[in-house]
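Chemist: Just dropping this structure here.
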Amino acid sequence: MASDLLAIARSGTRAARAALDVTAQNIANASSEGYVRRSVSLSEVSATSTLSGTASISLSGVRVSGIARNADLFRQAEVRRTGSDAARASAEVQGLENIESAVEQSGLYEASVAFEGSLQQLVSDPTDGSLRAAALESARTLASTFNVTSKSLDAAGEGLRFEAQDGVDQVNLLSGELARVNARLTRTADGSSDQSTLLDQRDTLLQKLSSQVDVTTVFSSDKTVEVRLGGSTGPQLVSGQTVGALAMQTATDGTIGFTVNGTAVAPASGALAGKAQALVQVAETRTKIDAVAGSVIATVNAAQSSGVDLAGAAGQPIFSGTKAADIAVVATSGSQIATAPAGTTAGSRDSGNLAALRTALSAANPSGGLDATLFDISSAVAGRTVTRDALVSIADSASIALQTQAGVDLDQEAVNLVRYQQAFQASGRVMQVANDLFDTLLGIR
Numbered sequence: 384m385a386s387d388l389l390a391i392a393r394s395g396t397r398a399a400r401a402a403l404d405v406t407a408q409n410i411a412n413a414s415s416e417g418y419v420r421r422s423v424s425l426s427e428v429s430a431t432s433t434l435s436g437t438a439s440i441s442l443s444g445v446r447v448s449g450i451a452r453n454a455d456l457f458r459q460a461e462v463r464r465t466g467s468d469a470a471r472a473s474a475e476v477q478g479l480e481n482i483e484s485a486v487e488q489s490g491l492y493e494a495s496v497a498f499e500g501s502l503q504q505l506v507s508d509p510t511d512g513s514l515r516a517a518a519l520e521s522a523r524t525l526a527s528t529f530n531v532t533s534k535s536l537d538a539a540g541e542g543l544r545f546e547a548q549d550g551v552d553q554v555n556l557l558s559g560e561l562a563r564v565n566a567r568l569t570r571t572a573d574g575s576s577d578q579s580t581l582l583d584q585r586d587t588l589l590q591k592l593s594s595q596v597d598v599t600t601v602f603s604s605d606k607t608v609e610v611r612l613g614g615s616t617g618p619q620l621v622s623g624q625t626v627g628a629l630a631m632q633t634a635t636d637g638t639i640g641f642t643v644n645g646t647a648v649a650p651a652s653g654a655l656a657g658k659a660q661a662l663v664q665v666a667e668t669r670t671k672i673d674a675v676a677g678s679v680i681a682t683v684n685a686a687q688s689s690g691v692d693l694a695g696a697a698g699q700p701i702f703s704g705t706k707a708a709d710i711a712v713v714a715t716s717g718s719q720i721a722t723a724p725a726g727t728t729a730g731s732r733d734s735g736n737l738a739a740l741r742t743a744l745s746a747a748n749p750s751g752g753l754d755a756t757l758f759d760i761s762s763a764v765a766g767r768t769v770t771r772d773a774l775v776s777i778a779d780s781a782s783i784a785l786q787t788q789a790g791v792d793l794d795q796e797a798v799n800l801v802r803y804q805q806a807f808q809a810s811g812r813v814m815q816v817a818n819d820l821f822d823t824l825l826g827i828r
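Here it is as structure tokens:
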């Protein structure tokens, strides 16, 4: 009896010691990124006695059956999914805000309105040198503002592509790390502390991957994971210890696409998807701005060819170029503005050709086109911001739900610390009682 009591108490001290170690590990890693709270799984050890009747029992104590991670696969998947959606929306909004800033802060709309206003003032006295100089200077300001806007859009696009390439590099780095974790998982014992550590690393890597691209995961019985991009039928990014290479391609219009080992993939969520969508908006905005610039160039130069300048010479082009990036003023003097109809003499006050120019500009409506472009961008920013805020809120809720279950509660761990300490002390006391009983039995003659 004393020996049985001693064995039971010894198993109790081992179990309590293991539980104390796990509790201490939880407390030490309460603030560690990706750490999942662990608990000791205990099970009774019993043996059937063959020396007594069927009603008697022989107990053999307790054993540690494993270390459990308090992680829920569904909640972790929800954190990845909602976080990926929020990352896409955040990246897109940031890109759209850069586009809005590029167009709005350049003052392009104001420059267009000022140019049309200078032509209207010139109508009052088409022979006035100062009014002609002011009109030409307004044209030069408009052209340079188009140039600045184009460069700003270039910078916005270049920034998005740089960030996207960095995201691709991050995906490839994380994929390599995940393959190495898969390799180590195949060599660890089920339920061991080493396995728990590797599973924490695996889940952290998956969450970081999902912030860049949408991932579909399949977990094997040995806890390794297969990762695909672009849905369950998409190309494999990680399979066991095999890693696919994610690459980015840039089209002539500045938009981007992705491949995994040469197979095209279109991420539906994640920061890379958001940046790709923002670059589509950059290309669309550039097309609209170029169309307005081309319209100004064509309209003004066509009107010039139909009239004569202040010296009575045939009107020459005011602008050169075809789009926002290369528009420039080639006229060197305000006197070259062809305000009079063809056939009139030098110094004519006839503003018929200038009226035709203003009518043509009114029909082309460059200021209205620029205003509409700005409105479209601002509306997109406002709408996407609402969507982003909603998705971020959903992602935060998913993270809180997971943290509630998998995170370390220091108050609860403090309770466990006292509980297992008392269990350890109690088992030690039982061992002392067993030892006293054994000594007593040995002392009987």
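Residues in the sequence shown are numbered from 384 upward in steps of one, following the working numbering. The C-beta atom is built at its ideal place from N, Cα and C for all residues, glycine as well. Source: prediction; values computed, not measured.
Please work out which residues of its chain come closer than 6 Å, Cβ to Cβ, to Arg802, disregarding the five sequence neighbours upstream and downstream, and give them in chain order.
Modeler: For the purposes of this step, residue 802 is taken as residue 419 along the sequence shown, with counting starting at 1. If we look at Arg802 and ignore the five residues flanking it on each side, it has no Cβ neighbours.
Chemist: Is the beta carbon of Leu479 less than 8 Å from the beta carbon of Gly717?
Modeler: Start at 1 with the first residue of the sequence shown, and residue 479 comes out as number 96. Start at 1 with the first residue of the sequence shown, and residue 717 comes out as number 334. No, the Cβ-Cβ distance between Leu479 and Gly717 is not below 8 Å.
Chemist: Return the first residue and the last residue of the beta strand (DSSP E) that Ser622 is part of.
Modeler: Numbered from 1 along the sequence shown, position 239 holds the residue referred to as residue 622. That run of the beta strand (DSSP E) goes 619–622.
Chemist: What do you reckon, are the CB atoms on Val551 and Ala472 nearer than 8 Å?
Modeler: Locating residue 551 in the sequence shown gives position 168, counting from the first residue. Locating residue 472 in the sequence shown gives position 89, counting from the first residue. No, the pair does not count as a contact, with Cβ atoms beyond the cut-off.
Chemist: So, at 6 Å on beta carbons, what are the nonlocal neighbours of Val813 in its own chain, with the 5 sequence-adjacent residues on each side left out?
Modeler: Here residue 813 refers to the residue found at position 430 when the sequence shown is read from its first residue. Excluding positions up to five away in sequence, the list reads Ala392.
Chemist: Could you check what DSSP says for Ser429 in three-state terms: helix, strand or coil?
Modeler: Along the sequence shown, one-based indexing puts residue 429 at 46. Ser429 falls in the strand class under three-state DSSP.
Chemist: I'd like to know whether the C-beta atoms of Ser678 and Val506 end up nearer to each other than 8 Å.
Modeler: Counted from its first residue, the sequence shown places residue 678 at position 295. Counted from its first residue, the sequence shown places residue 506 at position 123. Result no, Cβ atoms of Ser678 and Val506 do not sit closer than 8 Å.
Chemist: Drop a sphere of 10 angstroms on the beta-carbon of Thr787, count the other beta-carbons inside from all chains shown, and report buried for 16 or more, exposed for fewer.
Modeler: For this step, residue 787 is matched to residue 404 along the sequence shown. Counting Cβ neighbours within 10 Å, Thr787 comes out exposed, since fewer than 16 surround it.
Chemist: Tell me whether Gly751 is buried or exposed, calling it buried when 16 or more other Cβ atoms sit within 10 Å of its Cβ.
Modeler: Start at 1 with the first residue of the sequence shown, and residue 751 comes out as number 368. Result: exposed.
Chemist: Extract the residue ranges of the alpha helix (DSSP H) inside the segment 736–803, only unbroken runs of 4 or more that lie entirely within it.
Modeler: Segments of the alpha helix (DSSP H) lying fully in the segment 736–803: 749–789.
Chemist: Go to Ile672, then tell me how far its alpha helix (DSSP H) extends in each direction, as first and last residue.
Modeler: Numbered from 1 along the sequence shown, position 289 holds the residue referred to as residue 672. Taken as a continuous stretch (DSSP letters only), the alpha helix (DSSP H) holding Ile672 covers 654–688.
Chemist: With a threshold of 8 Å, are at least 3 pairs of Cβ atoms found where one atom belongs to the segment 685–703 and the other to the segment 650–666?
Modeler: Result no; under three Cβ-Cβ pairs closer than 8 Å.
Chemist: Report the partner residues of Phe602 according to the DSSP bridge assignment.
Modeler: Reading the sequence shown from its first residue, position 219 is the one you call residue 602. Its beta-bridge partners are Val608.
Chemist: So what does Ile639 bridge to, in DSSP terms?
Modeler: Walking along the sequence shown from the start, residue 639 turns up at place 256. Per DSSP, Thr633.
Chemist: Taking all protein chains shown into account, do 16 or more other C-beta atoms lie within 10 angstroms of the C-beta of Asn481, making it buried, or fewer, making it exposed?
Modeler: Taking the sequence shown and counting its residues from 1, the one referred to as residue 481 is at position 98. Flag for Asn481 reads buried.
Chemist: Which stretch, first to last residue, makes up the beta strand (DSSP E) that contains Val713?
Modeler: If you number the sequence shown from 1, residue 713 lands on position 330. Run containing Val713: none; DSSP gives neither H nor E here.
Chemist: Taking Cβ positions, are Leu561 and Val621 nearer each other than 8 Å?
Modeler: If you number the sequence shown from 1, residue 561 lands on position 178. If you number the sequence shown from 1, residue 621 lands on position 238. Yes; because the gap between Cβ atoms is below 8 Å, this pair is in contact.
Chemist: Hey, out of Ala407, Ile410, Arg446, Arg463, whose CA is closest to Leu774's CA?
Modeler: To locate residue 774, count along the sequence shown from 1; it is residue 391. Minimum Cα distance to Leu774 is reached at Arg463.
Chemist: Taking the straight line between their C-alpha atoms, what separation do you get for Lys671 and Arg544?
Modeler: What you label residue 671 is simply residue 288 of the sequence shown in a count that begins at 1. What you label residue 544 is simply residue 161 of the sequence shown in a count that begins at 1. So the two alpha carbons sit approximately 21 Å from each other.
Chemist: What does a CB cutoff of less than 6 Å around Ala474 pick up in its chain, not counting 5 residues either side in sequence?
Modeler: Taking the first residue of the sequence shown as position 1, residue 474 is located at position 91. Closer than 6 Å at the Cβ level, and outside the excluded window around Ala474, lie Ala654, Gly657, Lys658.
Chemist: Per DSSP, Arg421 forms a beta bridge with which residues?
Modeler: On the sequence shown, residue 421 is found 38 positions in, with the first residue counted as 1. Bridge partners of Arg421: Arg452.
Chemist: How far does the alpha helix (DSSP H) with Val551 in it extend, from its first residue to its last?
Modeler: Translated into the one-based positions of the sequence shown, residue 551 becomes position 168. Element bounds for Val551: 512–568.
Chemist: Express the C-alpha separation of Ala789 and Arg458 in angstroms, rounding to a whole number.
Modeler: Sequence index remark: in the sequence shown, residue 458 carries index 75 (1-based). Sequence index remark: in the sequence shown, residue 789 carries index 406 (1-based). Rounded to the nearest angstrom, the two C-alpha atoms are 10 Å apart.
Chemist: Please state if the CB of Leu536 and the CB of Val663 are separated by a distance shorter than 8 Å.
Modeler: Stepping through the sequence shown from its first residue, residue 663 is reached at position 280. Stepping through the sequence shown from its first residue, residue 536 is reached at position 153. Result no, Cβ atoms of Val663 and Leu536 do not sit closer than 8 Å.
Chemist: Distance, Cα to Cα, Phe498 vs Pro749?
Modeler: Here the question's residue 498 lines up with position 115 in the sequence shown. Here the question's residue 749 lines up with position 366 in the sequence shown. Cα-Cα distance, rounded: 10 Å.
Chemist: Quick check: the Cα distance between Ser432 and Asp387, rounded to an integer number of angstroms?
Modeler: As a first step, residue 432 must be located in the sequence shown, where it is residue number 49. As a first step, residue 387 must be located in the sequence shown, where it is residue number 4. With a pLDDT of only 49 at Ser432, under the threshold of 50, the placement of this residue in the model should not be trusted; the figure read from the coordinates follows. So the two alpha carbons sit approximately 12 Å from each other.
Chemist: Quick one: give me the first and last residue of the beta strand (DSSP E) that Ala494 is part of.
Modeler: Locating residue 494 in the sequence shown gives position 111, counting from the first residue. Note, Ala494: premise wrong, no beta strand (DSSP E); alpha helix (DSSP H) at 491–507.
Chemist: Does the segment 698–707 come into contact with the segment 582–592, if we say contact requires no fewer than three beta-carbon pairs (one atom in each stretch) closer than 8 Å?
Modeler: Not touching, per the Cβ criterion.
Chemist: Taking the beta carbon of Leu434 as the centre, do at least 16 other beta carbons fall within 10 Å, making it buried, or is it exposed?
Modeler: By one-based count along the sequence shown, residue 434 stands at place 51. For Leu434, the predicted structure reports a pLDDT of 48, less than 50, and the residue's modelled location is therefore unreliable. A value from the coordinates is still provided. Burial call: exposed.
Chemist: Rounding to the nearest angstrom, what Cα-Cα distance links Val601 and Thr770 in this structure?
Modeler: Here residue 601 refers to the residue found at position 218 of the sequence shown. Here residue 770 refers to the residue found at position 387 of the sequence shown. Distance between the alpha carbons of Val601 and Thr770: 29 Å.
Chemist: For Glu609, which residues of its own chain have a beta-carbon under 6 Å away from its beta-carbon, when the five flanking residues on both sides are left out?
Modeler: Position 226 of the sequence shown holds residue 609. Contacts found: Val601, Ser622.
Chemist: Taking the alpha carbon of Leu737 as the point to measure from, which residue in Ala729, Ser604, Ala723 has its own alpha carbon closest?
Modeler: Here residue 737 is taken as the residue at index 354 of the sequence shown, counted from 1. The shortest C-alpha separation from Leu737 is found at Ala723.
Chemist: Is Leu434 helix, strand or coil by DSSP?
Modeler: Position 51 of the sequence shown holds residue 434. With a pLDDT of only 48 at Leu434, under the threshold of 50, the placement of this residue in the model should not be trusted; the figure read from the coordinates follows. If DSSP states are grouped into helix, strand and coil, Leu434 belongs with coil.
Chemist: Between Arg421 and Ala460, what straight-line distance do the alpha-carbon atoms span, to the nearest angstrom?
Modeler: Stepping through the sequence shown from its first residue, residue 421 is reached at position 38. Stepping through the sequence shown from its first residue, residue 460 is reached at position 77. Taking the straight line from one Cα to the other gives about 19 Å.
Chemist: Consult DSSP for Val648 and reduce its assignment to one of helix, strand or coil.
Modeler: Within the sequence shown, the letter at position 265 stands for residue 648. Strand.
Chemist: With respect to the alpha helix (DSSP H) encompassing Ser593, which residues constitute its N-terminal and C-terminal limits?
Modeler: Here residue 593 corresponds to residue number 210 of the sequence shown, with the count starting at 1. Residues 576–595.
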